[in-house]
Amino acid sequence: MYVCNCFGVTETQVRKHAADGACTPRQIASACKAGTDCGSCVRRIQALLGRGAYPTRGLVDEGRPVRAEQLDEAA
Ligand code: FES
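The numbering of the sequence shown is the numbering used here, which starts it at 9 and goes up by one.
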């Protein structure tokens, strides 16, 4: 099942990135771009990660995608 339709990223792929150490939607985005286009999948990714709103609460609440410059900040 696709989590991110913009980049064709599946739930399995997100879980694998999470197992490899990605623990925020931003880190998932850094690994596979999921969440960097329309942003509508960020909430689903967050749910898969089993996290609360922090630290990407603003992004999710405003429905904005994770931007490339934010990925640079996280690196
Ligand atoms: S569905 Fe993931 S960025 Fe659009």
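Backbone N, C-alpha and C define an ideal beta-carbon position, used for all residues, glycine too.
Residue i beta carbon near the ligand FES (any heavy atom closer than 7 angstroms)
i     : result
Asp28 : no
Ser38 : no
Cys12 : yes
Cys49 : yes
Pro33 : no
Asn16 : For the record, residue 16 in the displayed sequence is Gly; it is not Asn. For the ligand FES, not one heavy atom lies less than 7 angstroms from the Cβ of Gly16.
Exposure of residue i, with buried meaning 16 or more beta-carbon neighbours within 10 Å
i     : result
Cys46 : exposed
Thr64 : With a pLDDT of 47 at Thr64, under the threshold of 50, the predicted position of this residue should be treated as unreliable, though the coordinate-derived value follows. Thr64 should be labelled buried.
Alpha carbon of residue i to alpha carbon of residue j, nearest angstrom
i     : j     : result
Gly43 : Pro33 : 7 angstroms
Thr18 : Lys41 : 12 angstroms
DSSP three-state assignment for residue i, whether helix, strand or coil
i     : result
Val74 : coil
Alpha helix (DSSP H) segment containing residue i, residue limits
i     : result
Cys12 : Looking at the DSSP string, Cys12 is not in any alpha helix (DSSP H); the run it does join, the beta strand (DSSP E), is Tyr10 to Cys12.
Thr20 : Glu19 to Ala27
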